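Read through the structure below, which is laid out as structure tokens, and then see the notes.
2 protein chains.
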Amino acid sequence: MTYCVGMLLREGLVMITDSRTNAGIDNINHFRKLHIFEKPGEVALALATSGNLSVTQSVVSLLTEGLPDPVTGNLETLLDSPSMFKAAQLVGRAIREVDRLDGQGLLKHGGSFDATILLGGQMRDRRLRLFMVYSAGNFIEATADTPFLQIGEHKYGKPVLDRAVTYDTELYEALKIGLISMDSTMRSNLAVGLPLDIAVLRRDAMQFELSHRIESGDPYFEDLRRRWSEALRAAHQAIPIPPYARRLSQSAN
Amino acid sequence: MTYCVGMLLREGLVMITDSRTNAGIDNINHFRKLHIFEKPGEVALALATSGNLSVTQSVVSLLTEGLPDPVTGNLETLLDSPSMFKAAQLVGRAIREVDRLDGQGLLKHGGSFDATILLGGQMRDRRLRLFMVYSAGNFIEATADTPFLQIGEHKYGKPVLDRAVTYDTELYEALKIGLISMDSTMRSNLAVGLPLDIAVLRRDAMQFELSHRIESGDPYFEDLRRRWSEALRAAHQAIPIPPYARRLSQSAN
Chain A
1 MTYCVGMLLR
11 EGLVMITDSR
21 TNAGIDNINH
31 FRKLHIFEKP
41 GEVALALATS
51 GNLSVTQSVV
61 SLLTEGLPDP
71 VTGNLETLLD
81 SPSMFKAAQL
91 VGRAIREVDR
101 LDGQGLLKHG
111 GSFDATILLG
121 GQMRDRRLRL
131 FMVYSAGNFI
141 EATADTPFLQ
151 IGEHKYGKPV
161 LDRAVTYDTE
171 LYEALKIGLI
181 SMDSTMRSNL
191 AVGLPLDIAV
201 LRRDAMQFEL
211 SHRIESGDPY
221 FEDLRRRWSE
231 ALRAAHQAIP
241 IPPYARRLSQ
251 SAN
Chain B
254 MTYCVGMLLR
264 EGLVMITDSR
274 TNAGIDNINH
284 FRKLHIFEKP
294 GEVALALATS
304 GNLSVTQSVV
314 SLLTEGLPDP
324 VTGNLETLLD
334 SPSMFKAAQL
344 VGRAIREVDR
354 LDGQGLLKHG
364 GSFDATILLG
374 GQMRDRRLRL
384 FMVYSAGNFI
394 EATADTPFLQ
404 IGEHKYGKPV
414 LDRAVTYDTE
424 LYEALKIGLI
434 SMDSTMRSNL
444 AVGLPLDIAV
454 LRRDAMQFEL
464 SHRIESGDPY
474 FEDLRRRWSE
484 ALRAAHQAIP
494 IPPYARRLSQ
504 SAN
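Going down the list, the sequences are from chains A and B.
Numbering-wise (our numbering), the first sequence opens with residue 1 and increments by one.
Numbering-wise (our numbering), the second sequence opens with residue 254 and increments by one.
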């Protein structure tokens, strides 16, 4: 399983991914799901992947090595894309190319073709953008109204994002809330797990100011989990007991 | 959509259901999903239903009117069941009977046969028990290790239950946490909504001490939602900002 969240904020971009994969419940491994593509000063992109690992790894390889342009035949890589929109289209084309190569084989052997990818970043003199690209190669874009996009096991961690993240949330405040969202997900789904990969791109910087792996035992993340747990306990303990108690029961049906 | 939770606690049983149904996104109604079956002093049962409304309503009708015993042909109703285990079996048989009658027709018209039901309660001189009965008619039972069962849209509201509900949680404390769980679900999925139906059965009482509907505008529930929201905001604000900021970025991949 996987949980990744991307946030498009006034100040910049935050991406967080877990790294646990499972092929069946008895074959659990760690793979990087956050991929940075960068030419400092020119372009800074981050890709977060969920779905079938063979598919997403092939997609990342294609985007690195390049796909032939359908007209000119020239190889196009993600770092060569002239715009974020074209980059999202290229991710879609890479997904379709892997589907063309492996989709039937996967189906034949009882697998499914499944890849959802977040692509966020900025190119010089262009806007910071964040896209979610689906298995079909189509995509949607985050906006100021809906500044975060999630892929994978998204429900457990969504309530805290719904409440706390807006377009105007500060960059490292958003990173913190994203880590709380990741904590909620990890507690409810064992198939989402440490280490976590995080990346922060400040708007117009064209270079990631943070690209970091949070390992098991990380003092800040352990402290965050403990504080959040204690605060939640205090929060529900502070709410009064329901006043409905001990009314007469009513037979219904 | 639906969200229902049942909790089996040392002190007794708590059941909470929403009441929103939708046949498509443009046909939204309210139907009771919590059904009480009671002979005070003898038996007290609560049924919480999710799935296709025509299926679950037919199941409740069958359990009220009775299903023919496969051997004797006598009609058996839920209130006549000699044990909670037999009652759970009867719910399973009612689901299978509706599947036999309507399952093919539903499939033919693009619907699906879908019903998941929580059955909780106690009969005189017997144990308080809580079951989850599936569409196939099979069922599982809550235990002291896993004291709550959820049906319907369960993920948004699970983290708070995971953290706060144990077998030893007090009855009305558990009700309160269940309402917080319902609040989280309602915020993240508009298809789960008020009014809420709640029921509380104290162990060995053989009569519900609370069976109540929380309507829109209920002062306690509004206050709970506001307090929880404010406490969560205060909780994440109190956590320090991540210390990873402004490390050098690393180009990867």
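Where is the CB? At the ideal position from N, CA and C, for every residue including glycine.
Given the structure is predicted, the values throughout are model-derived calculations rather than measurements.
**Q.** chain A residues whose Cβ lies nearer than 7 Å to that of E426(B)
**A.** I241
Q) What is the rounded straight-line gap between the Cα of T56(A) and the Cα of A368(B)? A) 36 Å
Q. Cβ atoms of S184(A) and A160(A): under 8 Å apart, would you say?
A. According to the sequence shown, residue 160(A) is Val rather than Ala. Cβ distance < 8 Å, so V160(A) and S184(A) count as in contact.
Q) Helix, strand or coil for M376(B) per DSSP? A) strand
Q.
Closer than 8 Å is the cut-off here; do at least three beta carbon pairs connect the region 42-52 of chain A with the region 223-242 of chain A?
A. no
Q) Does the beta carbon of P448(B) sit closer than 8 Å to a beta carbon anywhere in chain A? A) no
(Q) Helix, strand or coil for H30(A)? Go by DSSP, reduced to three states. (A) strand
Q) Do three or more CB pairs link the region 371-388 of chain B to the region 115-124 of chain A at distances below 8 Å? A) no
Q. S504(B) by DSSP, collapsed to three states: which one?
A. Note that S504(B) has pLDDT 42, beneath the 50 cutoff, so the model's placement of it is unreliable and the number below is only indicative. Three-state DSSP puts S504(B) in coil, outside helix and strand.
Q. Which of the three DSSP states, helix, strand or coil, is assigned to I269(B)?
A. strand
Q.
Can you tell me whether K411(B) is buried or exposed? The criterion is at least 16 other CB atoms within 10 Å of its CB, across all chains shown.
A. buried
Q: Could you tell me whether any Cβ in chain B is nearer than 8 Å to the Cβ of G152(A)?
A: no
Q) Is E153(A) closer than 8 Å to V192(A) when the C-beta atoms are compared? A) yes
Q.
Quick check on DSSP: helix, strand or coil for M182(A)?
A. helix
(Q) Please determine whether the Cβ atom of E423(B) lies at a distance below 7 Å from any heavy atom of the ligand COA. (A) As far as ligands go, the structure on display features none, and thus does not contain the ligand COA.
(Q) Considering Cα atoms alone, identify which of A341(B), D471(B), G470(B) and Y256(B) is closest to V393(B). (A) This sequence places Ile at residue 393(B); Val is not what is there. The option with the nearest alpha carbon to I393(B) is A341(B).
Q: Determine the closest residue to L210(A) out of D197(A), D204(A) and D218(A), with distance taken between C-alpha atoms.
A: D197(A)
Q: Keeping to the same chain, check which residues put their C-beta closer than 6 Å to that of G470(B); ignore five residues upstream and five downstream.
A: none
Q: Return the first residue and the last residue of the alpha helix (DSSP H) that I348(B) is part of.
A: M337 to K361
Q: Give the secondary structure of A235(A) by DSSP, where H, G and I count as helix, E and B as strand, and everything else as coil.
A: helix
**Q.** Distance between beta carbons of G178(A) and M254(A), contact taken as under 8 Å
**A.** The requested residue 254(A) is not part of the displayed model; chain A covers only 1 to 253.
(Q) Would the region 162-181 of chain A count as touching the region 14-21 of chain A if we require 3 or more Cβ pairs under 8 Å? (A) yes
Q | Backbone CA spacing between S504(B) and S434(B) [nearest angstrom] | A | With a pLDDT of 42 at S504(B), under the threshold of 50, the predicted position of this residue should be treated as unreliable, and no value is reported.
Q. Does the region 273-288 of chain B come close enough to the region 355-366 of chain B that 3 or more CB-CB pairs lie under 8 Å?
A. no
Q) Does P321(B) come within less than 8 Å of chain A when only Cβ atoms are used? A) no
Q. Can you list, in chain order, the residues of the region 126-159 of chain A whose Cβ is nearer than 7 Å to any Cβ on chain B?
A. K155, Y156, K158 and P159
Q. Any idea if N506(B) is buried or exposed, counting beta-carbon neighbours within 10 angstroms, 16 or more meaning buried?
A. Caution applies to N506(B), whose pLDDT of 37 falls short of 50 and renders its modelled position unreliable; the model cannot decide the point.
(Q) How far does the beta strand (DSSP E) with R163(A) in it extend, from its first residue to its last? (A) Element bounds for R163(A): not the beta strand (DSSP E) but the alpha helix (DSSP H), K158 to A164.
Q: Taking all protein chains shown into account, decide if G304(B) is buried (16 or more other Cβ within 10 angstroms of its Cβ) or exposed.
A: buried
**Q.** Simplified DSSP state of S303(B), which is helix, strand or coil
**A.** strand
Q. Among L306(B), L262(B), Y497(B) and R455(B), which one has its Cα closest to the Cα of A276(B)?
A. L306(B)
Q. Under the rule that 16 or more other beta-carbon atoms within 10 Å means buried, what is R273(B), buried or exposed?
A. buried
Q. In this structure, does DSSP put I494(B) in helix, strand or coil?
A. coil
Q.
Taking 8 Å as the threshold (C-beta atoms), are V386(B) and G345(B) in contact?
A. yes
**Q.** Within chain B, partners of S50(A) - CB distance below 8 Å
**A.** Within chain B, no residue comes near S50(A); the closest Cβ sits about 16 Å away, beyond 8 Å.
Q | Among Q207(A), L201(A) and L47(A), the one whose alpha carbon lies nearest that of A94(A) | A | L47(A)
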